[in-house]
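Working notes, beginning with the structure itself.
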Amino acid sequence: MNTLTILGLLPLVGSAAVFLLPKGSDLLAKQVALAVSIVVAIAGLGMALSFDRSVTGFQFVEKHQWIPAFGINYALGVDGISLLLILLALVLTPIVIAACWNEAEGGRWSVKNFFGLILILETMIVGVFAATDIFLFYVFFEAMLIPVYFLIGGYGTGEKAAAAVKFLLYSLFGGLLMLASIIGLYVISGNQLGAPTFDITALSQLTIDPVTQRMLFLGFFIAFAIKAPLWPFHTWLPTAAKSATAGTSTLLLGVLDKVGTYGMIRFCMSFFPDATKTFTPTIITLAVISILYGAFLAIGQKDINSLIAFTSISHFGFITLGIFALTSQSLTGAIFYMVNHGFST
Numbered sequence: 001m002n003t004l005t006i007l008g009l010l011p012l013v014g015s016a017a018v019f020l021l022p023k024g025s026d027l028l029a030k031q032v033a034l035a036v037s038i039v040v041a042i043a044g045l046g047m048a049l050s051f052d053r054s055v056t057g058f059q060f061v062e063k064h065q066w067i068p069a070f071g072i073n074y075a076l077g078v079d080g081i082s083l084l085l086i087l088l089a090l091v092l093t094p095i096v097i098a099a100c101w102n103e104a105e106g107g108r109w110s111v112k113n114f115f116g117l118i119l120i121l122e123t124m125i126v127g128v129f130a131a132t133d134i135f136l137f138y139v140f141f142e143a144m145l146i147p148v149y150f151l152i153g154g155y156g157t158g159e160k161a162a163a164a165v166k167f168l169l170y171s172l173f174g175g176l177l178m179l180a181s182i183i184g185l186y187v188i189s190g191n192q193l194g195a196p197t198f199d200i201t202a203l204s205q206l207t208i209d210p211v212t213q214r215m216l217f218l219g220f221f222i223a224f225a226i227k228a229p230l231w232p233f234h235t236w237l238p239t240a241a242k243s244a245t246a247g248t249s250t251l252l253l254g255v256l257d258k259v260g261t262y263g264m265i266r267f268c269m270s271f272f273p274d275a276t277k278t279f280t281p282t283i284i285t286l287a288v289i290s291i292l293y294g295a296f297l298a299i300g301q302k303d304i305n306s307l308i309a310f311t312s313i314s315h316f317g318f319i320t321l322g323i324f325a326l327t328s329q330s331l332t333g334a335i336f337y338m339v340n341h342g343f344s345t
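In case it helps, the working numbering puts the sequence shown at residues 1 to 345.
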């Protein structure tokens, strides 16, 4: 069992322990969740210390057959970008748990369920950044929605049910577009490689004609633009952030939204280089609109959650702009900005 699998399993086991605690064990549930998240963060820092920066490609690689008939594998690995984002999530989780110690009081479900859901979400975050099989990535990408839906709908305020449903529908719509593009890549890989595959490294080496590239690119990009969020795909975010608890909003804005910009780097630019260049002017225009739109609307907000939501739209405009400026300096700056935004949130 690899380090990454252990990192993913620890919070999942911790969540099971929290859920199994007897009714009324609220304080113990909080303590268990905090202890597990601290252990996972320490393990993640240990992994980072053993990461070899002189090596290119994925490290801590693990691969097992999952659904052999379709060439689907349980495949994990990290490079510098995914390692940074996993560390961001692992360090923020215990901070959020400690900061939202009393947030779940009066929620629709018990306090222990709130902290158990946060630990499940941590597992999904590790999985989505570590997956090197694109089908496995898609599974984690969609599975993340489940704990967030219940965290917003069960423990939020105001129009929390509507906010949770809106978040879910937007994300599911984007996920379905991405799934269609994933299937397209799978078919093309079968024609070019002799056997279809979902392996990220193999898919990045495919030769795809320009028209097909553009179609597949849009499926991925729209899904990631919704997640990021980028104007005009952002409308779910202010509602969700305003209705969610502060801890849920921090994880949503500080970590989950980074999946969108991470996906743009990992998949859009890697799989579809020609389509990336074709759509760059349009995407840069959307990014500039996001920067200005989010900043101007943030000025008029009186609610701190809404303020952070609209400023985040502006920040993600800068990150997207850095990614699609297509220079090494701008890409480095975008990754740096992703980490900074997580902590500043």
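Idealized CB from N, CA, C, for every residue including glycine.
CB-CB length for residue i against residue j, believed under 8 Å
i	j	result
V39	L10	6 Å
V61	G77	4 Å
K112	L176	At roughly 33 Å, the Cβ-Cβ gap does not stay under 8 Å, so K112 and L176 are not in contact.
Q192	L203	Contact doesn't hold; Cβ gap of about 10 Å is too wide.
L286	L230	6 Å
K227	S314	No, K227 and S314 are not in contact; Cβ-Cβ is about 17 Å, not under 8 Å.
A275	Q213	4 Å
L45	V148	With 8 Å as the limit, L45 and V148 do not qualify as a contact, their Cβ atoms being about 25 Å apart.
A223	M178	4 Å
I308	T345	6 Å
T245	E105	Rounded, the Cβ-Cβ distance is 10 Å, inconsistent with contact.
V18	F115	6 Å
I335	I86	13 Å between Cβ atoms; not a contact.
I6	A43	7 Å
Residue i - DSSP class collapsed to helix/strand/coil
i	result
V61	strand
N2	coil
N102	coil
W236	helix
A75	strand
I308	helix
V208	In the sequence as presented, Val is not what sits at residue 208; that position holds Ile. Note: I208 maps to coil in three-state DSSP.
Extent of the continuous beta strand (DSSP E) to which residue i belongs
i	result
A35	Looking at the DSSP string, A35 is not in any beta strand (DSSP E); the run it does join, the alpha helix (DSSP H), is 26-49.
Residue i - containing alpha helix (DSSP H), residue span
i	result
G116	111-130
V361	The chain is shown only over 1 to 345; residue 361 falls outside these bounds and no answer can be derived.
L203	200-203
The ligand PLP heavy atom lying under 8 Å from the CB of residue i
i	result
Q301	The model on display carries no ligand, and the ligand PLP is accordingly not part of it.
Which runs of the alpha helix (DSSP H) spanning at least 4 residues fall entirely within the segment 141-193, listed in chain order? 145-155, 160-193
Pairing CB atoms from the segment 93-108 with CB atoms from the segment 116-125, are three or more of them under 8 Å? With the cut-off at 8 Å, the segment 93-108 and the segment 116-125 touch.
Could you check whether the segment 287-301 touches the segment 255-272, counting it as contact only if at least three pairs of C-beta atoms, one from each stretch, sit closer than 8 Å? no
Pairing CB atoms from the segment 173-182 with CB atoms from the segment 130-150, are three or more of them under 8 Å? yes
Within the segment 222-304, ranges of the alpha helix (DSSP H) (whole runs, at least 4 residues): 236-243, 246-251, 258-263, 273-299
Do the segment 319-335 and the segment 267-278 meet, that is, are 3 or more Cβ pairs less than 8 Å apart? yes
Is the segment 165-173 touching the segment 229-245, taking contact as three or more C-beta pairs under 8 Å? For the pair of segments examined, the segment 165-173 was found to touch the segment 229-245: the number of CB pairs separated by less than 8 Å reaches three.
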